[in-house]
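Asker: Structure incoming, see below.
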DNA sequence: CCTGCAGTCTACAGTAACTAGAGGGGCAAG
DNA sequence: CTTGCCCCTCTAGTTACTGTAGACTGCAGG
């Protein structure tokens with residue numbers, strides 16, 4: 001099993017075919033060989049490479065960070081500290097988001113507790129939404145915390 | 001202070017001018033009056049309305065949900081239960097994300113602990129990224145959990 | 001009255017990280 | 001040889017905005 005088509009690679013890595021092509025287009029994956037008819041043919045190590053990318057993405061590293069990590073892999077001899085820094089930056093982000101999500105959870109719970117049947121006129125969920133400038137508004141930046149909620153993938 | 005320009009409204013709500021226009025364009029905000037020269041002029045209650053939208057967004061409600069909530073406000077007499085449902089849906093989302101973020105936090109911490117100086121060759125962060133199909137990959141859907149990390153606003 | 005500058009207007013393009021679809025060609029089995 | 005799945009490129013759509021260009025308005029100082 002020397003070479004595989006994009007579909008096999010997709011199956012082996014659980015990364016969608018279109019996503020693989022996308023990664024290639026943005027330079028995260030090298031351009032593979034092509035068959036005579038133009039189909040992409042991947043060597044076995046592409047599986048590892050793609051899994052690396054996918055796992056880093058799953059961990060929330062933005063593509064730019066993944067790119068950095070790849071370049072660190074490619075040109076070794078640099079300090080592990082750089083990798084560490086990227087990971088720490090990511091951890092900080094994750095923690096920031098955790099904190100905000102916890103606040104949101106608390107507020108949503110409070111809202112729901114307050115809303116126990118009854119008509120809109122007295123619905124405190126809507127009232128709660130109207131008020132509360134104090135709660136999360138110092139940094140009116142919280143929107144992106146949850147932007148993109150609708151889950152699209154499988 | 002009967003009518004205010006878009007800049008005043010922006011100042012009063014901490015929502016950017018461009019975002020206000022955007023909300024109008026997608027129908028979240030009604031079209032306001034215009035001055036003779038075409039500038040938007042908002043009445044005082046726009047402040048509350050916009051704050052409502054902003055706060056709902058800060059709580060992570062997608063725009064579609066905010067739209068629902070607004071329509072519930074506009075045509076009262078409906079059951080508070082509907083509002084409650086929207087809030088619960090949102091709470092479920094928040095909890096799902098919390099769980100995933102906690103897993104990510106744990107893994108990042110583990111990675112960083114393992115990486116204590118040393119050269120790339122032996123850097124276990126990179127190694128950790130390459131392996132670990134087991135950890136978060138059942139649902140290869142984790143990517144969006146953290147998509148959009150780079151904070152843009154301020 | 002003129003000048004300058006901040007504020008406003010529209011419209012379009014760009015962002016992140018993909019996903020989906022159109023419209024076509026390729027390849028192995030029956 | 002046809003069926004059916006796989007592959008190709010290219011374009012456009014998604015979410016919730018943000019940024020830019022190029023023009024106009026409104027107000028204060030001199």
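Residue numbers (full-length UniProt numbering), protein chains in the order written: chain A, 1 to 154; chain B, 1 to 154. A virtual CB, placed ideally from N, CA and C, is assigned to each residue, including glycine.
Hey, quick one: how far does the beta strand (DSSP E) through residue 29 (chain A) stretch, first residue to last?
Answerer: Segment: none, residue 29 (chain A) is in no beta strand (DSSP E) and carries neither H nor E.
Asker: So residue 4 (chain A) contacts chain B; which residues on that side make the cut at Cβ distance below 7 Å?
Answerer: By Cβ distance, chain B contributes nothing, its closest Cβ being about 17 Å from residue 4 (chain A), past 7 Å.
Asker: Can you tell me which of the three DSSP states residue 156 (chain A) falls into?
Answerer: No statement about residue 156 (chain A) is possible, as the shown extent of chain A runs from 1 to 154 and does not include it.
Asker: So does the region 26-42 of chain B actually touch the region 4-12 of chain B, counting three or more Cβ pairs closer than 8 Å?
Answerer: Yes, the region 26-42 of chain B touches the region 4-12 of chain B.
Asker: Under 8 Å by Cβ, that's how I've got residue 105 (chain B) and residue 98 (chain A) pegged, so tell me the actual separation to the nearest angstrom.
Answerer: Confirmed, about 7 Å.
Asker: Which first and last residues belong to the alpha helix (DSSP H) in which residue 14 (chain A) is found?
Answerer: Premise fails: residue 14 (chain A) is in no alpha helix (DSSP H) and is neither H nor E.
Asker: Please classify residue 3 (chain B): does DSSP put it in a helix, a strand, or coil?
Answerer: It is a strand residue.
Asker: Less than 8 Å separating the beta-carbons of residue 50 (chain B) and residue 70 (chain B)?
Answerer: Going by C-beta atoms, residue 50 (chain B) is not nearer than 8 Å to residue 70 (chain B).
Asker: Taking the C-alpha atoms as reference points, what is the distance between residue 55 (chain A) and residue 93 (chain B)?
Answerer: Rounded to whole angstroms, residue 55 (chain A) to residue 93 (chain B) spans 22 Å at the Cα level.
Asker: Just curious, the alpha helix (DSSP H) that residue 59 (chain B) is in, first and last residue?
Answerer: Taken as a continuous stretch (DSSP letters only), residue 59 (chain B) belongs to no alpha helix (DSSP H), as it is neither H nor E.
Asker: The alpha helix (DSSP H) with residue 87 (chain B) in it runs from where to where?
Answerer: Its alpha helix (DSSP H) spans residues 80-114.
Asker: Would you mind telling me which residues of chain A sit closer than 7 Å to residue 107 (chain B), beta carbon to beta carbon, in chain order?
Answerer: By Cβ distance, chain A contributes 59.
Asker: Work out the CA separation of residue 90 (chain A) and residue 96 (chain B) for me, nearest whole Å.
Answerer: Computed Cα separation, rounded: 19 Å.
Asker: Should residue 196 (chain A) be labelled buried (16 or more other beta-carbon atoms within 10 Å of its own) or exposed?
Answerer: This structure leaves residue 196 (chain A) out entirely; chain A is present only between 1 and 154.
Asker: Determine, for residue 26 (chain A), whether the minimum Cβ-Cβ distance to residues of chain B falls below 8 Å.
Answerer: No, no contact with chain B.
Asker: Output needed in chain order: residues of the region 87-99 of chain A with a Cβ under 7 Å from some Cβ in chain B.
Answerer: Going along the region 87-99 of chain A in chain order, one finds 87, 88, 90, 91, 93, 94, 95, 97 and 98 with a Cβ nearer than 7 Å to chain B.
Asker: Verify the CB distance criterion: does residue 45 (chain B) have a CB-CB separation below 8 Å to chain A?
Answerer: False, the Cβ-Cβ gap to chain A never drops below 8 Å.
Asker: So is residue 37 (chain A) buried or exposed if we call it buried at 16+ other beta carbons inside 10 Å?
Answerer: By the neighbour-count rule (16 or more Cβ atoms within 10 Å), residue 37 (chain A) is not buried but exposed.
Asker: Quick check: the Cα distance between residue 108 (chain A) and residue 57 (chain B), rounded to an integer number of angstroms?
Answerer: Computed Cα separation, rounded: 12 Å.
Asker: So what does DSSP say about residue 36 (chain B), is it helix, strand or coil?
Answerer: In this structure, residue 36 (chain B) counts as coil in the three-state DSSP scheme.
Asker: Under the assumption that residue 66 (chain A) contacts residue 9 (chain A) (Cβ atoms under 8 Å), give the Cβ distance between them as a whole number of angstroms.
Answerer: That belief does not hold up - the Cβ atoms of residue 66 (chain A) and residue 9 (chain A) are roughly 17 Å apart, past 8 Å.
Asker: Should residue 111 (chain B) and residue 87 (chain A) be called a contact, given that it needs their Cβ atoms to be closer than 8 Å?
Answerer: Yes.
Asker: Between the alpha carbons of residue 46 (chain A) and residue 18 (chain A), how many angstroms are there, rounded?
Answerer: Distance between the alpha carbons of residue 46 (chain A) and residue 18 (chain A) is about 16 Å.
Asker: Comparing C-alpha positions only, which one of A:81, A:101 and A:53 sits nearest to residue 15 (chain A)?
Answerer: Cα-wise, what sits closest to residue 15 (chain A) is A:53.
Asker: To the nearest angstrom, report how far apart residue 83 (chain A) and residue 25 (chain A) are at their CA atoms.
Answerer: Going by the C-alpha atoms only, they are around 25 Å apart.
Asker: Under 8 Å, Cβ to Cβ, is there at least one residue of chain B near residue 30 (chain A)?
Answerer: Taking Cβ atoms only, chain B never reaches closer than 8 Å to residue 30 (chain A), which makes this a no.
Asker: Using a C-beta cutoff of 8 Å, does residue 132 (chain A) count as contacting chain B?
Answerer: Any answer about residue 132 (chain A) is weak, because its pLDDT of 43 lies below 50 and its placement is not dependable; what the coordinates show is given next. Yes, residue 132 (chain A) lies at the interface with chain B (some Cβ there is under 8 Å from its Cβ).
Asker: Going straight from the alpha carbon of residue 154 (chain A) to that of residue 100 (chain B), what length do you get?
Answerer: Low confidence applies here, because residue 154 (chain A) scores a pLDDT of 26, under 50, leaving its location unreliable; read the following figure in that light. About 16 Å.
Asker: Leaving out the 5 sequence neighbours to the left and right, which residues in its chain are closer than 7 Å to residue 34 (chain A) when beta-carbon positions are compared?
Answerer: 40 and 41, listed in sequence order.
Asker: So, for residue 184 (chain A): in the same chain, excluding its five sequence neighbours on each side, which residues have a beta-carbon less than 8 Å away from its beta-carbon?
Answerer: This structure does not reach residue 184 (chain A), given that chain A is present from 1 up to 154, and the question cannot be answered.
Asker: Going by other Cβ atoms of all chains shown within 10 Å of its Cβ, with 16 needed for buried, is residue 23 (chain A) buried or exposed?
Answerer: Counting Cβ neighbours within 10 Å, residue 23 (chain A) comes out buried, since at least 16 surround it.
Asker: Using a Cβ cut-off of 8 Å (strictly closer), state whether residue 101 (chain A) contacts chain B.
Answerer: So yes, residue 101 (chain A) belongs to the interface.
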